[in-house]
Amino acid sequence: MMHATRLVLAALPLVLSSTLIGQGSAAGWRDPGSTITSLVTAPPQPSASLSPQGELLVMRTREAQPDLGVVARPHLKLAGMRIDGETWGRQLSTKTTALTIQPLPSGDVHRVPIEPDHWSAPIWSADDRAFALIRATQGGGELFVCDPWSAPPRKVDGVRLNQVLGDAVQWMPDQRRLLVRTVVAGDRPQRPAIPAGPIVQETVRNLNAQVRTYQDLLQDSHDEALLEFYGRSQLMIVEGAEVVGVGEPRLYARVDPSPDGTLLLVEVIRRPFSYIVPLYRFPRSVEVVDLTGAQRRVVCEDLLNDAVPIGGVQQGPRSVGWVATAQHALYWFEAQDEGDPKKEVPHRDFVFLLATPDGAPRMWYRTEFRAGRVQFGGDGQLVLTTESDRKSRTERVWRRDLTRLDDPGTLLYERSTQDVYNDPGRPMSQRSLDGRSVLRQRGDRLMLSGAGASPTGNRPFVASWDVKSGDKDVIFRSEEGRYETVMGLVNGSEDELLLRSESPSAPPETVYFNRATGRRAVLHRAADPAAKFTDKIQKRLVHYEREDGVPMNGTLYLPPSYKEGDKLPCLLWAYPREYTKASDAGQVRATPNRYLRMRGSSHLFMLLKGYAVFDNASMPIVGPRRSANDTFVEQVRMNARAAIAALGGEGCIDTDKVAVAGHSYGAFMTANLLAHSDLFCCGIARSGAYNRSLTPFGFQNEERTFWEAPEIYFAMSPFMHAQKINEPILLIHGSDDNNSGTFPIQSKRLFGALKGHGATARLCFLP
3 MMHATRLVLA ALPLVLSSTL IGQGSAAGWR DPGSTITSLV TAPPQPSASL
53 SPQGELLVMR TREAQPDLGV VARPHLKLAG MRIDGETWGR QLSTKTTALT
103 IQPLPSGDVH RVPIEPDHWS APIWSADDRA FALIRATQGG GELFVCDPWS
153 APPRKVDGVR LNQVLGDAVQ WMPDQRRLLV RTVVAGDRPQ RPAIPAGPIV
203 QETVRNLNAQ VRTYQDLLQD SHDEALLEFY GRSQLMIVEG AEVVGVGEPR
253 LYARVDPSPD GTLLLVEVIR RPFSYIVPLY RFPRSVEVVD LTGAQRRVVC
303 EDLLNDAVPI GGVQQGPRSV GWVATAQHAL YWFEAQDEGD PKKEVPHRDF
353 VFLLATPDGA PRMWYRTEFR AGRVQFGGDG QLVLTTESDR KSRTERVWRR
403 DLTRLDDPGT LLYERSTQDV YNDPGRPMSQ RSLDGRSVLR QRGDRLMLSG
453 AGASPTGNRP FVASWDVKSG DKDVIFRSEE GRYETVMGLV NGSEDELLLR
503 SESPSAPPET VYFNRATGRR AVLHRAADPA AKFTDKIQKR LVHYEREDGV
553 PMNGTLYLPP SYKEGDKLPC LLWAYPREYT KASDAGQVRA TPNRYLRMRG
603 SSHLFMLLKG YAVFDNASMP IVGPRRSAND TFVEQVRMNA RAAIAALGGE
653 GCIDTDKVAV AGHSYGAFMT ANLLAHSDLF CCGIARSGAY NRSLTPFGFQ
703 NEERTFWEAP EIYFAMSPFM HAQKINEPIL LIHGSDDNNS GTFPIQSKRL
753 FGALKGHGAT ARLCFLP
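Just so we're aligned, residue 3 is where the sequence shown starts under our numbering, counting upward by one.
Have a look at this one:
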């Protein structure tokens with residue numbers, strides 16, 4: 003077992019740049035070596051984006067990792083959120099170190115004069131005239147407004163922004179004024195020395211509140227007071243140096259100006275607060291108010307949504323939004339099945355329209371499946387609507403006419419959401435000069451962008467689509483041997499594209515491409531500090547089948563040190579995914595023409611330690627949505643056997659030295675494979691959930707409760723089979739993990755069970 007133990011120890015580079023472990027009484031940071039350390043801490047490639055009208059290229063550079071001072075900075079855990087109480091915002095992350103702007107298609111690069119700090123991304127006016135920036139500082143965010151062409155950012159005095167409950171800055175439709183949420187002055191509530199009383203929760207008879215597991219929830223009345231203190235904000239309108247208040251301070255979860263700029267749609271959090279669900283399920287009032295804060299209409303007043311059926315939606319109006327091409331008309335969805343997907347009804351949802359705030363709503367259309375996206379064309383007529391069914395994984399897209407509300411609409415297509423080969427793409431949107439988000443429309447034609455999945459890998463595309471005739475003309479497709487995605491249209495022209503372009507041998511570049519002339523110009527190229535290693539790494543897309551005929555695939559990487567004839571130890575990295583059809587399960591979702599770039603906590607760093615990596619190995623769970631997990635253990639075993647056989651067939655892998663690893667549900671899979679097979683020499687499980695009785699109201703895509711299917715919960719829980727795990731396993735977890743279901747106690751309890759049965763295990767908790 004010596005080789006397996008060494009493999010477990012070599013997994014330490016997976017955990018950021020170093021790992022906190024315990025060795026007897028000693029504990030400390032372990033250095034993975036100068037090569038990996040230098041790559042993890044190297045400045046990342048800047049992120050590129052276009053301004054709304056496509057005139058300007060923005061390059062934003064951020065530090066590779068937040069420093070330990072930021073990671074260790076105290077924060078509040080309230081209603082499912084993590085709040086920095088000093089800055090009135092969410093928990094801090096990496097700093098922005100540089101920001102540049104370049105006119106397109108060619109122009110001089112202008113460096114925005116900012117110091118490295120916790121800056122937001124640019125918040126653009128729709129006409130490209132200006133952008134706002136937020137700098138996180140003590141006492142609330144500072145607001146800056148910037149001329150993108152020359153002037154440095156100008157600080158708006160007297161404004162401290164509150165980013166706790168959402169975006170704190172947006173442009174009004176005139177693109178001259180800013181609507182902001184500001185900090186409300188006051189003293190932070192202090193925890194009382196003596197509690198006011200016990201914490202009491204009650205049930206309501208015959209009300210089935212089947213709530214999945216959440217973390218960072220409110221714990222007591224002091225937490226409630228803190229949520230109100232930090233969440234309350236004052237709305238203000240900023241025009242130049244003038245700042246005008248709007249209404250009274252409230253717990254604004256959402257604020258959205260009407261297209262004509264005369265009204266605001268607001269969602270306001272109300273009491274009673276909950277200790278078992280996060281903020282988005284708290285009671286709230288959806289209202290229309292004017293720019294003085296005066297109420298014009300209450301659209302709905304939601305109760306506490308702690309009894310929403312698993313996989314269901316709330317009752318009453320939901321997803322209330324402005325009609326983008328009207329002055330101040332609203333639409334919303336209302337469930338006709340009490341929000342319960344298990345109920346058989348002819349229509350899941352009705353969709354309503356409200357032409358004016360003081361009018362009466364009318365029913366617009368009905369959906370057989372659950373209503374989804376509503377996208378408005380810029381002509382004031384065309385509307386695309388979506389509905390989807392979770393059970394069958396089916397999506398429908400309809401064309402409707404906003405000027406003919408009684409028309410039933412035309413079904414454009416129906417497809418399986420898991421069939422990536424036949425994905426037609428998604429309609430592209432654009433921002434009008436007054437800030438509305440509408441479909442990019444030219445007559446009856448829309449623009450589509452898609453991943454272009456195929457048996458040989460993804461080839462992203464952009465197409466022109468006639469929604470009346472159904473004709474599609476592909477105007478761009480990533481060329482063979484490269485991976486190119488369209489980031490946007492330069493100056494709104496369909497002939498001028500901004501591309502992110504890369505190949506297996508060339509790092510990503512930002513490229514201007516003129517379709518009409520064929521001109522290509524590289525606007526930004528970033529050197530890769532790992533190039534001397536990645537140039538020598540081999541990459542293979544491996545196709546194979548499992549024993550029941552389900553097609554599978556994965557990407558095999560061979561390390562720079564590989565020599566022909568070597569038999570290498572290998573790390574298999576995977577994540578289980580559910581499919582209703584075997585044909586969908588076998589489709590290739592890999593991108594073999596992408597450049598290999600190792601960063602963060604990537605498992606690909608194992609390549610620099612001499613290991614092969616079989617990445618994203620297929621791990622399908624095929625079957626009806628309701629019962630697919632009945633054979634979960636059997637199917638992951640079949641998947642693993644097929645993968646091992648495929649690796650053996652490559653001729654370069656020692657199949658006695660293959661480790662299995664994964665994150666979250668992949669960690670859950672890892673522990674199950676060690677418990678129920680002897681295919682792997684060891685395993686690495688990062689941030690997993692191993693005892694499904696701790697997630698009794700469903701998990702992942704399992705909608706049955708523990709009490710409906712206790713035998714399935716037991717069979718799928720590696721904790722219940724810990725005595726069978728006889729290979730070394732490394733458990734990694736963040737001590738502050740707030741992902742739903744993956745409580746840190748999951749790893750603690752599995753480690754305790756392994757220790758109690760004499761297994762070889764290490765538990766590594768990151769701070």
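Quick reminder that beta carbons are idealized off the backbone N, C-alpha and C, glycines included.
Among the options, nearest to residue i - alpha-carbon criterion
i      : options                           : result
SER742 : GLY295, PHE701, VAL315 and ASP69  : PHE701
VAL213 : TYR254, GLU705 and LEU756         : GLU705
ASP475 : PRO426, GLY490 and ASN493         : PRO426
ASP468 : ARG207, ARG479, PRO457 and LEU441 : LEU441
LEU501 : GLY82, ALA518, ALA508 and SER480  : SER480
ASP129 : ALA328, GLU117 and GLY494         : GLY494
GLY567 : GLY650, ASP391, PRO553 and ARG447 : GLY650
GLN725 : SER471, ALA528 and SER679         : SER679
LEU785 : GLY142, PRO769 and MET83          : No answer is possible for residue 785: it lies beyond the span of the chain, which begins at 3 and ends at 769.
ASN618 : VAL635, VAL325, GLY588 and PHE634 : GLY588
ASP446 : ARG395, GLN420 and GLY382         : GLY382
LEU58  : GLU397, ARG639 and TRP126         : TRP126
LYS541 : LEU332, LYS534, ALA687 and LEU598 : LEU598
Element boundaries [beta strand (DSSP E), containing residue i]
i      : result
GLU57  : Run containing GLU57: none; DSSP gives neither H nor E here.
HIS759 : No beta strand (DSSP E) contains HIS759, which DSSP labels as neither H nor E.
LEU413 : 412–418
Outcome for residue i when other beta-carbon atoms lying within 10 angstroms are tallied against a minimum of 16
i      : result
TYR581 : buried
GLY247 : exposed
LYS345 : exposed
ALA523 : exposed
TRP334 : buried
ALA755 : buried
THR672 : buried
PRO200 : exposed
SER19  : Bear in mind that a pLDDT of 34 at SER19, under 50, signals an unreliable position, so the number given afterwards is only what the model happens to contain. SER19 is buried by the Cβ-count criterion.
MET238 : buried
TRP366 : buried
ARG458 : Here the sequence assigns Thr to residue 458, which means Arg is not the residue at that position. Under this definition THR458 is an exposed residue.
LYS783 : Residue 783 falls outside the range modelled here, since the chain spans only 3 to 769, and no answer is possible.
ILE539 : buried
Limits of the unbroken alpha helix (DSSP H) element including residue i
i      : result
THR672 : 667–678
ILE38  : 36–43
TYR715 : 712–718
LYS79  : No alpha helix (DSSP H) contains LYS79, which is instead part of the beta strand (DSSP E) from 78–80.
ILE278 : ILE278 -> no alpha helix (DSSP H), and no H or E assigned at all.
MET850 : A query on residue 850 cannot be resolved here, the shown segment of the chain reaching from 3 to 769 and no further.
THR536 : 533–536
ALA584 : 584–587
One or two residues paired with residue i in a DSSP bridge
i      : result
LEU386 : GLN377 and ARG401
ARG444 : ARG447
PRO429 : LEU450
LYS541 : TYR559
CYS572 : ALA614 and VAL660
TYR581 : VAL624
Cutoff 8 Å; reference residue i; Cβ partners in own chain excluding five residues on either side
i      : result
SER27  : Note on SER27: pLDDT 39, under 50, position unreliable in the model; the coordinate value appears next. Nothing meets the Cβ criterion.
ARG272 : LEU253, PHE284, PRO285, ARG286, SER287 and GLU303
CYS148 : VAL114, PRO124, ALA132, PHE133, ALA134, LEU135, PRO154, PRO155 and ARG156
SER108 : TYR514 and ALA523
Neighbourhood of residue i by C-beta distance below 7 Å, restricted to the same chain and skipping five residues each side
i      : result
GLY318 : CYS302, ASP304 and GLU336
ALA138 : THR89, GLY91, LEU94 and HIS120
ALA44  : ALA66 and PRO531
ARG591 : VAL422 and ALA455
GLY556 : VAL544, PHE616, ASP617, ASN618, ALA619, SER620 and ALA645
MET61  : PRO48, ALA50, THR102 and HIS526
Residues near residue i in its chain [Cβ-Cβ closer than 6 Å; skip 5 each side]
i      : result
VAL385 : PHE378, ARG402 and LEU404
PRO15  : Low confidence applies here, because PRO15 scores a pLDDT of 40, under 50, leaving its location unreliable and the question unanswered by this model.
ARG764 : LEU732
PHE515 : LEU499, LEU501 and ARG522
ALA518 : ASP497
GLN25  : Low local confidence applies: a pLDDT of 41 at GLN25 is under 50, so the model's placement there is unreliable, with the coordinate-based value given in what follows. Result list for GLN25: empty, nothing under 6 Å.
GLU397 : SER390, ARG417 and THR419
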